[in-house]
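K.L.:
First residue of the sequence shown? That's 1 in UniProt numbering, and the numbers climb one at a time after it. Note that the Cβ used here is the ideal one computed from N, Cα and C, for glycine as well.
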Amino acid sequence: MNGRNHSIVSEFVFLGLTNTWEIQLLLFVLSFLFYFASVMGNLVIVFTVTLDAHLHSPMYFLLTNLSVIDMLFCSIIAPKMIYDIFKKHKAISFCGCITQIFCSHAVGGTEMVLLIAMAFDRYVAICKPLHYVTIMSPRICLYFLVTSWIIGLIHSLVQLVFVVDLPFCGPNVLDSFYCDLPRLLRLACTNTQELEFMVTVNSGLISVGSFALLVISYVFILFTVWKHSSGGSSKALSTLSAHITVVVLFFGPLMFFYTWPSPTSHLDKYLAIFDAFITPFLNPVIYTFRNKEMKVAMRRLCVRLVHAGKIS
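(1) Along the chain, where does the beta strand (DSSP E) that runs through F281 open and close?
(2) Count the other C-beta atoms from every protein chain shown that fall within 10 angstroms of the C-beta of H131, then say buried if there are 16 or more, exposed otherwise.
(3) Mind checking T18: buried by the 16 CB within 10 Å criterion, or exposed?
(4) Mind checking which residues open and close the alpha helix (DSSP H) that includes F36?
(5) Just verifying my parser: in three-state terms, what is the DSSP assignment at L222?
(6) Does the stretch 143-162 touch the stretch 104-124, meaning 3 or more C-beta pairs lie closer than 8 Å?
(7) Note down the Cα distance separating R299 from G204, rounded to an integer number of angstroms.
(8) In the DSSP assignment, what are the bridge partners of F211?
(9) If we count Cβ pairs, one from each stretch, closer than 8 Å, do we get three or more for the stretch 291-306 versus the stretch 41-61?
(10) Nearest to F277 by alpha carbon, out of N42, T48 and T192?
(11) E11 bridges to which residues according to DSSP?
(12) Which same chain residues end up closer than 6 Å to C97 when comparing Cβ atoms and leaving out the 5 residues on each side of it in sequence?
(13) In the DSSP assignment, find the alpha helix (DSSP H) that holds A78 and state where it starts and stops.
(14) By DSSP, does V303 sit in helix, in strand, or in coil?
(15) Rounded to the nearest angstrom, what separates T134 and W226 at their Cα positions?
(16) Between which residues of its own chain and V306 is the CB-CB distance below 8 Å, once the five residues before and five after are set aside?
(17) Go through its chain and collect everything with a Cβ distance to L301's Cβ below 8 Å, but skip five positions before and after it.
(18) Just the Cα atoms here: how many angstroms apart are P129 and S67?
(19) Compare the C-beta of H243 against all C-beta atoms of chain B and say whether one is closer than 8 Å.
(20) Whose CA, out of C141, M59, E22 and N172, lies closest to the CA of K90?
(21) By how many angstroms is the C-alpha of Q193 removed from the C-alpha of F86?
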């Protein structure tokens, strides 16, 4: 790939977050704990929904796939960052950098579409409950999942198809702990203003547009719940508040990354920690501790596992 784009640079060097040993130790411990908790928490959701027949519904099908995406998203950046914390020379190959950008944008774009599908699922469940089973059929759910991955992959490919041919002849230092597109473009040995604008349009406007669409849909749903308040309104509000929290946590840092004129401050890489570690960790917490059905299903699963262990 380096020969193809005539780059002299064969690797990129990360400056990381800090050079202070005490802070590095704290970062290592917290990053490892959050990453481990994120993977385990999302795995619990996947296994609980898969093994409990009571949760075989469109909402939990989408939630399971969101958990899979969260595990993939945090695994793209977190292991490399944890591995590099104590290293003086934090390097990544050119191919590795491009792969990291491609995977993060593909998975991130997929999650955007999936969150919209989850909002649509809640809209149908609350606003059209009599038609819910018909509208949210297994075929439609599978269509949502396939479409979200196709859009995510296209979103990522459209940007990187131009980046891989850019010449990189130095410097090769990225003031971050992972490869991100805006900073990488500024290292190219050519004018990249048009590409930077394309990234802003592709990633920035998609993030803002998706967020606006989700906010509007949830406002409409909340208005419907308030208008037709009934015994199930508290359950609907609890579910909606969980969805809204996830949307805000996911889109907040993304909109900052790709709508800010240029990554000149250190704020973006600290926000990236939030997106890479905190959000995937909070998602299973939000969807388990604020969801009675999930908690009951987890208890049933624990009882089954204990009973199976005693029999064996």
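P.N.:
Taking the structure as given:
(1) Locating residue 281 in the sequence shown gives position 281, where the first residue counts as 1. No beta strand (DSSP E) contains F281, which is instead part of the alpha helix (DSSP H) from T279 to F289.
(2) On the sequence shown, position 131 is the one that residue 131 refers to. Its Cβ having fewer than 16 others within 10 Å, H131 is exposed.
(3) On the sequence shown, position 18 is the one that residue 18 refers to. Exposed: under 16 other Cβ atoms inside 10 Å.
(4) Translated into positions along the sequence shown, residue 36 becomes position 36. That run of the alpha helix (DSSP H) goes W21 to L51.
(5) For the purposes of this step, residue 222 is identified with residue 222 of the sequence shown, where counting begins at 1. In the structure shown, L222 sits in a helix (DSSP, three-state: H, G or I).
(6) yes
(7) The sequence position of residue 299 within the sequence shown is 299, counting from 1. The sequence position of residue 204 within the sequence shown is 204, counting from 1. R299 and G204: Cα-Cα distance of roughly 42 Å.
(8) As a working mapping, residue 211 is identified with position 211 in the sequence shown. Its beta-bridge partners do not exist; DSSP assigns none.
(9) yes
(10) Walking along the sequence shown from the start, residue 277 turns up at place 277. The residue with the shortest Cα to Cα distance from F277 is N42.
(11) Numbered from 1 along the sequence shown, position 11 holds the residue referred to as residue 11. Paired residues: S93.
(12) Mapped onto the sequence shown, residue 97 falls at position 97. So the qualifying residues of the chain are F12 and C179.
(13) Here residue 78 corresponds to residue number 78 of the sequence shown, with the count starting at 1. P58 to D84 is the span of the alpha helix (DSSP H), which, as asked, contains A78.
(14) Against the sequence shown, residue 303 aligns to sequence position 303. The answer is helix: DSSP assigns V303 an H, G or I state.
(15) As a working mapping, residue 134 is identified with position 134 in the sequence shown. As a working mapping, residue 226 is identified with position 226 in the sequence shown. Taking the straight line joining both Cα atoms gives about 25 Å.
(16) In the sequence shown, counting from the first residue as 1, residue 306 sits at position 306. Correct list: empty, nothing qualifies.
(17) Locating residue 301 in the sequence shown gives position 301, where the first residue counts as 1. Excluding sequence neighbours, L301 sits near F47, T48, L51 and D52.
(18) Here residue 129 refers to the residue found at position 129 of the sequence shown. Here residue 67 refers to the residue found at position 67 of the sequence shown. Each residue's alpha carbon lies about 25 Å from the other.
(19) Here chain B cannot be found, since the structure has a single protein chain.
(20) Along the sequence shown, read from residue 1 onward, the residue named residue 90 stands at position 90. Nearest in C-alpha terms to K90, of all of C141, M59, E22 and N172, is N172.
(21) Along the sequence shown, read from residue 1 onward, the residue named residue 86 stands at position 86. Along the sequence shown, read from residue 1 onward, the residue named residue 193 stands at position 193. In a straight line, the C-alpha of F86 is about 35 Å away from that of Q193.
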